[in-house]
Ligand SMILES: NC(=O)c1ccc[n+]([C@@H]2O[C@H](COP(=O)([O-])OP(=O)(O)OC[C@H]3O[C@@H](n4cnc5c(N)ncnc54)[C@H](O)[C@@H]3O)[C@@H](O)[C@H]2O)c1
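In this note's numbering, the protein residues as written are 241 to 656.
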């Protein structure tokens, strides 16, 4: 890609579209690196979030927008935009941004259909703008170590991989049953919303295209027909709440987990907000009585052009919230769970252990969020097109996810 924009002109100017959880992660990098990147605008529907960012970054009223249509009607305000809206709000702002000549840091999933993903990739190529898709695993020290070990070929060639994404009961009931990612039409099927990272990681490791795949899965448990006797529409009214493993009271009021993204309006406390959620909000609903339709378990099996076989499974019914990977190579195996990475050679049964305990579960995906935006900003400053998470690569992993969904729905093996 030929990129003239911003070479040698520091800092890169950027506008945030959507100012929730993800934007705030990337803005930490902006805050820490004022010589490299400057926030010059925010577009956000939610007043509390928009004002909070305007105050932190000293933005004037002219730099704040509630509506991205209004923002894109302005002459270009910046070199780049970060699009961190929910995924049903990616396609339109991404296409408008490309048309206006902005480079884009685009949260995953790219969009809501394969056609939209491809269209964004093609439009960006035609316009000559850079689009980085936020696949954080490619910038995560633990996953980068796996990639380095595989690429070094110290253990020979990959023969097969077993990879598991343990989404876990708390993250799942919060996000995929009660919360934002519960309905396919509003966001995406769960394999795309949550596991496009995993599929992207597997393609990154194997460096070959998939030639055959099949997938199974369903919404097996979190539906009205499984509501236990005595349960109610809300946990606060439920007789069996004290023994329910999915209680919202236990998750939010008692354990105070998954509350970081609850907005606290002026004059209220986080406890007020938790109580409002439990009594009236979407997060107080019984897990059996929500309007969710995304799967709660799914597997995908793939055969790659290199003959490598891959088994992937997404599990909700576990206390774990991590990724586990077992790679079988011709001269050894790699086995990891994000905390420990074991590298075993067949000859001599020699084992090397890499310990990631000190970074596992640390903020910003163990620094990966900051590394990712750093790669994007540096690419703009240096005028290079090469990104660890380019849209071209990402479209390919999204293609696999959408095809796996087709396989699951139609009960067929997909041949490429
Ligand atoms: N890369 C990762 O590891 C990772 C992790 C979590 C989420 N995500 C993705 O990031 C995206 C955002 O997720 P999030 O957790 O930050 O969500 P969020 O709800 O915290 O933030 C989204 C923000 O967008 C705002 N918004 C919605 N529609 C808008 C519009 N039309 N104009 C302006 N603002 C609008 C919302 O008010 C909200 O503040 C999603 O696509 C999600 O799948 C990526």
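C-beta atoms are modelled at their ideal positions from N, C-alpha and C, and glycine is treated no differently.
Remember, predicted model here, so these are calculated numbers, not experimental data.
(request) Taking only the alpha-carbon atoms, compute the straight-line gap between residue 242 and residue 505 and give it to the nearest angstrom. (result) Confidence at residue 242 is low in this model, with a pLDDT of 40, below 50, so its placement is unreliable and the value that follows should be read with caution. Distance between the alpha carbons of residue 242 and residue 505: 46 Å.
(message) Could you compute how far the alpha carbon of residue 338 sits from the alpha carbon of residue 349?
(response) 17 Å
(message) For a test of your reading of the model: does the CB of residue 348 fall under 6 Å from any non-hydrogen atom of ligand 1? Yes or no.
(response) Yes, since a heavy atom of ligand 1 falls inside the 6 Å radius drawn around the Cβ of residue 348.
(request) Following the continuous alpha helix (DSSP H) through residue 634, name the residue where it begins and the one where it ends. (result) DSSP places residue 634 in the uninterrupted alpha helix (DSSP H) bounded by 631-650.
(request) Report the rounded CA-to-CA distance for residue 334 versus residue 466, giving the unit in angstroms. (result) 40 Å
(request) Give me the Cα-Cα distance between residue 363 and residue 322, rounded to the nearest whole angstrom. (result) 17 Å
(request) Measure the alpha-carbon distance for residue 532 versus residue 523 and round it to whole angstroms. (result) A straight-line Cα-Cα distance of about 12 Å links residue 532 and residue 523.
(message) Does the beta-carbon of residue 226, which I'm using as the reference point, lie nearer than 6 Å to any heavy atom of ligand 1?
(response) This structure leaves residue 226 out entirely; the chain is present only between 241 and 656.
(request) Report all residues from its chain with a CB closer than 8 Å to the CB of residue 446; omit the five preceding and five following residues, and keep chain order. (result) 398, 401, 544, 546, 548 and 550
(message) Taking 6 Å as the cut-off, is the beta-carbon of residue 576 closer than that to any non-hydrogen atom of ligand 1?
(response) no
(message) Once the 5 residues before and after residue 390 are set aside, which same chain residues still bring their CB inside 6 Å of it?
(response) 445
(message) Can you look up residue 262 in the DSSP assignment and give me helix, strand or coil?
(response) helix
(request) Specify the secondary structure class of residue 535 as computed by DSSP and reduced to three states. (result) coil
(message) Given this structure, state the Cα-to-Cα distance separating residue 290 from residue 296, to the nearest angstrom.
(response) Spanning the two alpha carbons is a distance of roughly 10 Å.
(request) Identify, in the order they occur along the chain, each residue of the same chain with its Cβ nearer than 6 Å to the Cβ of residue 357, setting aside the five sequence neighbours on each side. (result) 350, 351, 635 and 638
(request) Sort 627, 608, 582 and 655 by Cα distance to residue 262 and report the nearest one. (result) 608
(request) Tell me whether residue 532 counts as near ligand 1, meaning its Cβ is closer than 6 Å to at least one heavy atom of that ligand. (result) no
(request) Tell me whether residue 283 counts as near ligand 1, meaning its Cβ is closer than 6 Å to at least one heavy atom of that ligand. (result) yes
(request) Grab me the residues of residue 491's own chain with a C-beta within less than 8 Å of its C-beta, minus the 5 sequence neighbours each way, in chain order. (result) 410, 413, 414, 497 and 498
(request) Grab me the residues of residue 354's own chain with a C-beta within less than 7 Å of its C-beta, minus the 5 sequence neighbours each way, in chain order. (result) 638, 639 and 642
(message) Do residue 475 and residue 481 count as a contact pair if the criterion is CB distance below 7 Å?
(response) In this structure, residue 475 lies closer than 7 Å to residue 481 by Cβ.
(message) Comparing C-alpha positions only, which one of 271, 281 and 345 sits nearest to residue 612?
(response) 345
(message) Taking the alpha helix (DSSP H) that residue 605 belongs to, which residues open and close that run?
(response) DSSP places residue 605 in the uninterrupted alpha helix (DSSP H) bounded by 603-606.
(request) Counting only the same chain and skipping the five closest in sequence on each side, list residues whose C-beta sits under 7 Å from that of residue 385. (result) 581 and 594
(request) Could you tell me which of 382, 347 and 298 sits nearest to residue 575, measuring between CA atoms? (result) Nearest in C-alpha terms to residue 575, of all of 382, 347 and 298, is 382.
(request) Per DSSP, which residues does residue 400 bridge with? Please list them. (result) 549 and 568
(message) Between which residues of its own chain and residue 518 is the CB-CB distance below 8 Å, once the five residues before and five after are set aside?
(response) 474, 475, 476, 488, 489, 492, 493 and 524
(message) Given a cut-off of 7 Å on the beta-carbon distance, is the pair residue 328 and residue 426 in contact?
(response) yes
(request) Compute the minimum distance between the beta carbon of residue 266 and the heavy atoms of ligand 1, and state whether it is under 6 Å. (result) no
(message) At a cut-off of 6 Å, would you count residue 501 as near ligand 1, judging by its Cβ distance to the nearest heavy atom?
(response) yes
(request) Grab me the residues of residue 423's own chain with a C-beta within less than 8 Å of its C-beta, minus the 5 sequence neighbours each way, in chain order. (result) 531, 532, 533 and 534
(message) Considering only DSSP beta bridges, list what residue 277 is partnered with.
(response) 252
(message) Measuring only from the beta carbon, is residue 554 closer than 6 Å to any heavy atom that is part of ligand 1?
(response) no
(message) For a minimum of 4 consecutive residues, which ranges assigned as the alpha helix (DSSP H) are wholly contained in the segment 362-429?
(response) 381-392
(request) Taking all protein chains shown into account, decide if residue 288 is buried (16 or more other Cβ within 10 angstroms of its Cβ) or exposed. (result) exposed
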